[in-house]
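Asker:
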DNA sequence: GGTCTATTGTTGCAAATGCAACGATGCCTT
DNA sequence: AAGGCATCGTTGCATTTGCAACAATAGACC
């Protein structure tokens, strides 16, 4: 019987050599480091007892743009409608959002944030912001801006 | 009854304005565009009837480094051991790899690629390479190298 | 109005994932 | 050699996802 916490989700990262071709280098970097960075931030949120980033994103989208149709949330978060449907199921079950009928469209559901939801988002932000900055410390402000610009070109 | 294919996994992307703070810009870009790019490439592989990128990555790791312990595959692919265990289950069931006993470690399993596996990797590469380059066309070679360098700083 | 097609959100089902545990083996210390 | 801890790979279980369908509503066209 062992007492250590087994099965770390992110196993020890080996030193990794990128390919020579610049395009492949870029691709490999995106594929490897992107998810790893997300994982680190998600891990900090979870360690602080918070739900996943999705929840934050949904709450933030609503706070930014006002109550939203599920369709629009899906568009805003770039995920499929059925994913939104179930995400909102879970968030509603915990009282962070609520669905209301959509006056202009009988099919629609408008998602509102509750006071509890707004509070959660703020609490998450403290941890999220810190974790994000920590993960990005290796970059100067200028480099961060450059990185954002390069990625934005790929939209 | 409708004949179109419903529920596109990546709904119409709205024009998206990045925050002002450079660090947040970088983070949002990583969070949004990274997965979107991966998704586009994955979609092309799937459309061509191929399995997911994971399969390619596993086969390529083995081809590059020789038959690998599952532990090392996990390290190389940055995923948990139980994920590897099940990934290899599936790949073995389709005859692309096979597990053999590890001579130096009774616990170990060494994963070998089969001829069928090597063939699959090559076939996938044709599509993968093309899709990857297509997704990255907005970047010049120099920019691609820059992007890779910036992301690598974050390892 | 009536018909036809598209969109919205939901759901059943199968597959995949995360987590926590486990058996088996290796390794280190005594 | 023996005990104790660490590592390797696997698995049961609950949760989450992806896919394909669906009912309900909207909108366009005649």
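Residue numbers (my numbering), protein chains in the order written: chain A, -4 to 150; chain B, -4 to 150. C-beta: ideal position from N, C-alpha, C; glycine also. No experiment lies behind these values; they were computed from the predicted model shown.
1) Closer than 7 Å, CB to CB, is residue 148 of chain B near chain A or not?
2) Residue 133 of chain B and residue 139 of chain A - do their beta-carbons sit closer together than 7 Å?
3) Give me, in chain order, the residues of the same chain whose beta-carbon lies closer than 6 Å to that of residue 35 of chain A; leave out the 5 immediate sequence neighbours on both sides.
4) Assign residue 102 of chain A to one of three DSSP states: helix, strand, or coil.
5) Would a check of beta-carbon distances place residue 54 of chain A closer than 7 Å to chain B?
6) The beta strand (DSSP E) that contains residue 89 of chain A, what's its start and end?
7) Identify whether residue 3 of chain B lies in helix, strand or coil by the three-state DSSP scheme.
8) Skipping 5 residues on each side, what residues in its chain have a beta carbon closer than 8 Å to that of residue 37 of chain A?
9) Does the beta-carbon of residue 112 of chain A have 16 or more other beta-carbons within 10 angstroms, so that it is buried, or is it exposed?
10) Beta-carbon separation of residue 87 of chain B and residue 93 of chain B under 7 Å?
11) Determine, for residue 18 of chain B, whether the minimum Cβ-Cβ distance to residues of chain A falls below 7 Å.
12) How would you call residue 143 of chain A, buried or exposed, if buried means at least 16 neighbouring beta carbons within 10 angstroms?
13) I'd like to know whether the C-beta of residue 50 of chain A is nearer than 7 Å to at least one C-beta of chain B.
14) Which of the three DSSP states, helix, strand or coil, is assigned to residue 149 of chain A?
15) Since residue 83 of chain B contacts residue 105 of chain B with CB under 8 Å, what's their CB separation in whole angstroms?
16) Residue 24 of chain B and residue 146 of chain A - do their beta-carbons sit closer together than 7 Å?
17) Just mark residue 77 of chain B as buried or exposed, buried being the case when its beta carbon has 16 or more other beta carbons within 10 Å.
18) Determine the direct distance from the alpha carbon of residue 52 of chain A to that of residue -2 of chain B, and round the result to whole angstroms.
19) Buried or exposed: where does residue 61 of chain B fall if 16 or more other Cβ atoms within 10 Å of its Cβ makes it buried?
Answerer: So, to answer that:
1) yes
2) no
3) 130
4) coil
5) no
6) Careful: residue 89 of chain A lies outside any beta strand (DSSP E) and carries neither H nor E.
7) In this prediction, residue 3 of chain B scores a pLDDT of 49, lower than 50, which makes its location untrustworthy; the coordinate-derived value is nonetheless stated afterwards. Residue 3 of chain B falls in the coil class under three-state DSSP.
8) 47, 48
9) It counts as buried.
10) yes
11) yes
12) Around the Cβ of residue 143 of chain A, a 10 Å sphere holds 16 or more other Cβ atoms; the residue is buried.
13) Closer than 7 Å: no.
14) coil
15) Actually they do not touch by this definition, with Cβ atoms about 11 Å apart.
16) yes
17) exposed
18) Since pLDDT at residue -2 of chain B reaches only 41, below the 50 mark, its modelled position is unreliable, and the value read off the structure follows with that caveat. Between residue -2 of chain B and residue 52 of chain A, the C-alpha separation is close to 33 Å.
19) exposed
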